[in-house]
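Notes follow the structure.
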């Protein structure tokens with residue numbers, strides 16, 4: 033698009049250079065020719081000269097055979113083929129004592145020396161004002177200057193791309209007039225303007241081209257160059273193809289394109305301003321690499337709307353007050369030059385001027401060897417909106433900066449809010465397939481100070497996102513539903529892709545400075561320094577195989593959206609975890625590894641029989657302990673723990689509350705889908721993990737360990753553990769195996785010398801209190817042990833060592849469940 037602006041400015045400039053540079057000679061020739069046209073006819077035939085034939089042939093090529101410029105007898109012509117300018121007029125009039133010249137109608141052709149650029153201008157009338165009268169007797173050393181020029185009446189400019197197809201030419205007009213003022217160095221018009229070619233159409237009202245001051249030391253009459261081009265108001269630009277990226281962040285989706293092309297529509301109520309770079313010229317003796325090409329700046333003001341994609345296919349949209357684009361020149365590799373062609377009116381051996389024109393119809397860029405590519409886009413205003421309805425993404429901010437840096441660096445997109453209007457990002461997750469296709473599945477909202485996205489263009493899912501400033505992230509099932517999950521931070525949130533050898537690509541989420549995670553169903557987690565979460569791709573649901581002999585098997589839908597589940601979590605400094613039945617405080621570090629359940633096929637044919645003939649035990653699935661308890665096992669050998677395990681399995685799963693404090697905590701947790709998640713038709717959906725239950729497989733606590741577990745049903749006191757290190761292995765049904773140490777066995781030994789002794793490890797339950805160097809407790813088999821010196825205090829009933837024994841007192845109702853328990857005393 034902006035290369036076209038350069039072409040427009042160059043077309044105006046080159047035509048103006050010839051118009052102003054040769055109008056004096058044209059006027060002198062016109063005055064002489066107009067007198068000769070009224071003379072007597074010559075009584076013999078006059079043969080046209082070669083230059084006259086070439087001038088006519090060029091007019092035919094530029095305007096067509098029926099145009100008035102092709103009339104050799106009734107037109108006034110002036111040309112300089114070395115400079116590449118041809119001027120035509122039908123009538124000439126000298127006004128204001130020779131200070132004003134008028135031509136009706138008027139035409140001008142500019143043809144470059146390499147015959148690759150053909151530019152024309154036509155109008156009904158042309159009026160030129162000079163600084164002094166024009167005449168052959170002018171003996172002044174100062175050249176005559178054109179101080180004002182007006183080209184009016186059906187003004188049309190054409191930049192011919194030198195191809196055989198005229199529809200691909202750049203056409204400007206028709207316009208009411210074009211005005212040039214030497215004092216202001218401006219070319220202007222306040223009427224409607226239309227600029228179009230085969231790939232673009234631009235409309236607006238009022239245009240202005242500011243020219244650069246001419247170098248007075250340059251003796252030539254060439255055009256000094258355009259400085260700035262304007263379209264004053266009501267600008268509308270339509271382009272057939274801007275590529276997958278264009279001037280908006282990200283890439284267009286395939287369904288938004290028309291074949292291989294991505295259309296773009298840009299509108300603004302205010303003006304479009306294009307600042308053109310100054311051309312750098314180097315002397316012949318210059319040594320060294322040239323400087324980088326200058327940048328072209330394009331600015332759009334007031335109510336700017338940019339649409340990328342087909343208008344009836346939910347295009348991406350940007351709304352802002354002002355849009356500023358920075359473009360640089362990118363060299364293109366041209367196709368090999370084709371053979372020299374002859375023009376439409378050329379014949380072999382004739383019209384050598386036209387025969388020298390090359391055929392550029394097969395070249396990639398006939399208008400030049402370079403194009404403009406976007407380097408930076410800036411959208412500002414009190415309400416900058418970026419919407420991608422196809423992706424369900426909406427961004428509201430005050431400033432958007434998009435930098436195109438690929439392939440050297442990833443592209444960068446920056447969004448900024450302010451103190452009163454924070455940056456807000458909303459992402460809708462839609463159902464991709466099935467009867468509910470297009471229905472909102474979840475809504476994710478981010479409100480923060482600013483954010484940056486780094487995208488290498490390979491895969492938008494691998495982009496890195498950095499959200500800075502105090503911010504909040506909320507997830508809810510729909511816009512009108514309450515928040516289910518929430519994250520807050522004071523410094524920044526970073527979302528990035530992490531590749532680890534031998535493992536699947538993971539998502540890494542980092543929250544720094546007072547981060548906090550809230551889940552209404554699973555609890556909260558907060559820390560003072562940082563929280564890092566790793567997410568792994570969730571396995572797709574297995575699909576049941578078809579019946580034997582059907583000849584095919586069903587597979588998971590390839591169009592299913594990629595979803596993730598938590599893999600690992602780390603938190604630093606004053607970590608506090610509050611979950612149902614669990615409260616954990618880690619003063620320095622908390623690290624949790626999550627294990628997911630094995631995906632089970634939709635139709636399970638059942639376990640394979642064991643070699644011994646009995647059924648194999650089923651793997652743990654979403655049904656949990658119920659599936660295990662309902663599977664009979666043959667009595668092959670007496671098991672001392674069988675009775676205890678059977679008793680535990682029959683009890684309801686009621687987990688007592690656990691409170692943990694330590695300097696460092698490492699844990700391994702297995703996630704089990706609950707009944708609702710197991711019954712869901714899409715267990716791989718993003719919400720499946722939200723309804724999961726968790727089971728602790730292992731916990732390692734180091735430094736200042738303080739562990740407390742509330743009493744189980746039917747007991748008055750729970751478990752208290754103190755020590756320097758504690759290892760906990762989960763056994764299911766709220767029972768665990770504890771090993772507590774007076775000193776961490778894996779910590780480095782202290783240096784020789786006086787040191788503060790550590791207190792002995794301590795375990796206290798309703799039945800006993802134990803201290804020592806190493807204490808073990810197995811709740812499943814109800815067993816405890818102590819390694820090394822220590823103490824054991826057993827709680828016993830008062831009559832255990834008395835003459836009365838353990839007989840119940842008279843009158844006590846043994847079957848009364850509400851009766852208070854018999855008091856006990858410690859026995860060491």
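Residue numbers (the working numbering): 33 to 860.
Ideal placement from N, C-alpha and C gives every residue a C-beta, glycine not left out.
Source: prediction; values computed, not measured.
Expressed to the nearest angstrom, what Euclidean distance is found between the alpha-carbon atoms of residue 569 and residue 598?
-> For this step, residue 569 is matched to residue 537 along the chain shown. For this step, residue 598 is matched to residue 566 along the chain shown. C-alpha separation (whole angstroms): 9 Å.
Do you know how far the Cα of residue 218 is from the Cα of residue 88?
-> The residue you call residue 88 lines up with position 56 of the chain shown. The residue you call residue 218 lines up with position 186 of the chain shown. Near 32 Å, if we compare the C-alpha coordinates of residue 218 and residue 88.
Work out the CA separation of residue 609 and residue 509 for me, nearest whole Å.
-> In the chain shown, the residue the question calls residue 509 occupies position 477. In the chain shown, the residue the question calls residue 609 occupies position 577. Approximately 24 Å between the Cα atoms of the pair.
Considering only residues of the same chain and omitting the five flanking positions on each side of residue 307, which have a CB-CB separation below 6 Å?
-> On the chain shown, residue 307 is found 275 positions in, with the first residue counted as 1. The answer, listed in chain order, is 260, 329.
Output the boundary residues of the alpha helix (DSSP H) element that contains residue 85.
-> What you label residue 85 is simply residue 53 of the chain shown in a count that begins at 1. Counting along the chain, the alpha helix (DSSP H) containing residue 85 begins and ends at 82–95.
What residue range is occupied by the uninterrupted beta strand (DSSP E) comprising residue 238?
-> Taking the chain shown and counting its residues from 1, one reaches residue 238 at position 206. Run containing residue 238: 232–243, per the beta strand (DSSP E) assignment.
Measure the Cβ-Cβ separation of residue 696 and residue 735 and say whether it is below 8 Å.
-> Taking the chain shown and counting its residues from 1, one reaches residue 696 at position 664. Taking the chain shown and counting its residues from 1, one reaches residue 735 at position 703. Yes. Within cutoff.
Contacts around residue 759, its chain only, beta-carbon distance under 6 Å, and the 5 residues preceding and following it disregarded | As a working note, residue 759 is residue 727 in the chain shown. Counting only Cβ-Cβ distances below 6 Å, and skipping sequence neighbours, we find 732, 771.
For residue 864, is the classification buried or exposed, using 16 other Cβ atoms within 10 angstroms of its Cβ as the cut-off for buried?
-> Because residue 864 is not part of the residues shown, which for the chain are 33 to 860, the question remains open.
Verify whether the separation of the beta carbon atoms of residue 424 and residue 455 is less than 8 Å.
-> Reading the chain shown from its first residue, position 392 is the one you call residue 424. Reading the chain shown from its first residue, position 423 is the one you call residue 455. Contact flag unset, no.
Do you know offhand how far residue 240's Cα is from residue 270's?
-> For this step, residue 240 is matched to residue 208 along the chain shown. For this step, residue 270 is matched to residue 238 along the chain shown. Rounded to whole angstroms, residue 240 to residue 270 spans 21 Å at the Cα level.
Segments of 3+ residues assigned as beta strand (DSSP E) that fall wholly inside the segment 462–512 | 472–480, 482–487, 496–500, 503–508
How should residue 258 be labelled, buried or exposed, when 16 other C-beta atoms within 10 angstroms of its C-beta is the threshold for buried?
-> Residue 258 sits at position 226 when you count from the first residue of the chain shown. With 16 or more other Cβ atoms within 10 Å, it is buried.
Please classify residue 32: is it buried, with 16 or more other beta-carbons within 10 angstroms of its beta-carbon, or exposed?
-> The question about residue 32 has no answer here: the residues shown for the chain are numbered 33 through 860.
Could you tell me the distance, in whole angstroms, from the CA atom of residue 765 to the CA atom of residue 810?
-> Start at 1 with the first residue of the chain shown, and residue 765 comes out as number 733. Start at 1 with the first residue of the chain shown, and residue 810 comes out as number 778. If you take the alpha carbons of residue 765 and residue 810, they lie about 13 Å apart.
Please name the residue in 135, 118, 164, 95 whose C-alpha comes closest to that of residue 129.
-> Within the chain shown, the letter at position 97 stands for residue 129. The option with the nearest alpha carbon to residue 129 is 164.
If you draw a straight line from the alpha carbon of residue 525 to that of residue 507, how long is it in whole angstroms?
-> Indexing the chain shown from 1 puts residue 525 at position 493. Indexing the chain shown from 1 puts residue 507 at position 475. Going from the Cα of residue 525 to the Cα of residue 507 covers about 16 Å.
Per DSSP, residue 621 is paired with what?
-> Mapped onto the chain shown, residue 621 falls at position 589. 604, 696, per the DSSP bridge assignment.
For residue 346, write down the residues that DSSP places opposite it in a beta bridge.
-> For this step, residue 346 is matched to residue 314 along the chain shown. Looking at the DSSP assignment, residue 346 forms no beta bridge with any residue, so it has no partner.
Can the beta-carbon of residue 483 be found closer than 8 Å to that of residue 447?
-> For the purposes of this step, residue 483 is taken as residue 451 along the chain shown, with counting starting at 1. For the purposes of this step, residue 447 is taken as residue 415 along the chain shown, with counting starting at 1. For residue 483 and residue 447, yes; Cβs fall inside 8 Å.
Within the present structure, is the beta-carbon of residue 102 separated from the nearest heavy atom of the ligand ZN by less than 7 Å?
-> Ligands in the displayed structure: none, and consequently the ligand ZN is not present.
Starting from residue 330, trace the beta strand (DSSP E) both ways and give me its first and last residue.
-> In the chain shown, counting from the first residue as 1, residue 330 sits at position 298. That run of the beta strand (DSSP E) goes 328–340.
Bridge partners - residue 569, DSSP secondary structure assignment | Taking the first residue of the chain shown as position 1, residue 569 is located at position 537. Partner(s): 596.
Measure how close the beta-carbons of residue 140 and residue 160 come, nearest whole angstrom, since I'm counting them as under 8 Å.
-> Position 108 of the chain shown, counted from the first residue, corresponds to residue 140. Position 128 of the chain shown, counted from the first residue, corresponds to residue 160. Going by Cβ atoms, the distance from residue 140 to residue 160 rounds to 12 Å, so no, they are not a contact pair.
Report buried or exposed for residue 797, applying the criterion of at least 16 other Cβ atoms within 10 angstroms of its Cβ.
-> Position 765 of the chain shown, counted from the first residue, corresponds to residue 797. Buried, because 16 or more other Cβ atoms sit within 10 Å of the Cβ of residue 797.
Alpha-carbon spacing of residue 304 relative to residue 340, whole angstroms | For the purposes of this step, residue 304 is taken as the residue at position 272 of the chain shown. For the purposes of this step, residue 340 is taken as the residue at position 308 of the chain shown. In a straight line, the C-alpha of residue 304 is about 19 Å away from that of residue 340.
Can you name the residues that DSSP bridges to residue 435?
-> For this step, residue 435 is matched to residue 403 along the chain shown. In DSSP, residue 435 forms a bridge with 408, 444.
What's the gap between the Cα of residue 470 and the Cα of residue 348?
-> Here residue 470 is taken as the residue at index 438 of the chain shown, counted from 1. Here residue 348 is taken as the residue at index 316 of the chain shown, counted from 1. Between residue 470 and residue 348, the C-alpha separation is close to 17 Å.
Out of curiosity, what's the CA-to-CA distance linking residue 786 and residue 776?
-> Start at 1 with the first residue of the chain shown, and residue 786 comes out as number 754. Start at 1 with the first residue of the chain shown, and residue 776 comes out as number 744. Cα to Cα, the separation comes out at about 19 Å.
Buried versus exposed, by CB contacts within 10 Å (16 or more), residue 413 = Here residue 413 refers to the residue found at position 381 of the chain shown. That one is buried.
In terms of alpha-carbon separation, which member of 126, 124, 96, 143 lies closest to residue 115?
-> As a first step, residue 115 is located in the chain shown; it is residue number 83 there, counting from the start. Among 126, 124, 96, 143, the Cα nearest to that of residue 115 is on 143.
Identify, in the order they occur along the chain, each residue of the same chain with its Cβ nearer than 7 Å to the Cβ of residue 201, setting aside the five sequence neighbours on each side.
-> To locate residue 201, count along the chain shown from 1; it is residue 169. Here the set comprises 190, 191, 192, 193, 229.
Buried or exposed: which applies to residue 83, given that a residue is buried once 16 or more other Cβ atoms fall within 10 Å of its Cβ?
-> For the purposes of this step, residue 83 is taken as the residue at position 51 of the chain shown. Looking at its Cβ environment, which holds fewer than 16 other Cβ atoms inside 10 Å, residue 83 is exposed.
Alpha carbon to alpha carbon, what distance is there between residue 333 and residue 605?
-> Residue 605 sits at position 573 when you count from the first residue of the chain shown. Residue 333 sits at position 301 when you count from the first residue of the chain shown. If you take the alpha carbons of residue 605 and residue 333, they lie about 49 Å apart.
Count the other C-beta atoms from every protein chain shown that fall within 10 angstroms of the C-beta of residue 318, then say buried if there are 16 or more, exposed otherwise.
-> For the purposes of this step, residue 318 is identified with residue 286 of the chain shown, where counting begins at 1. Exposed is the call here.
Note the first and the last residue of the continuous beta strand (DSSP E) segment covering residue 133.
-> Taking the chain shown and counting its residues from 1, the one referred to as residue 133 is at position 101. That run of the beta strand (DSSP E) goes 132–143.
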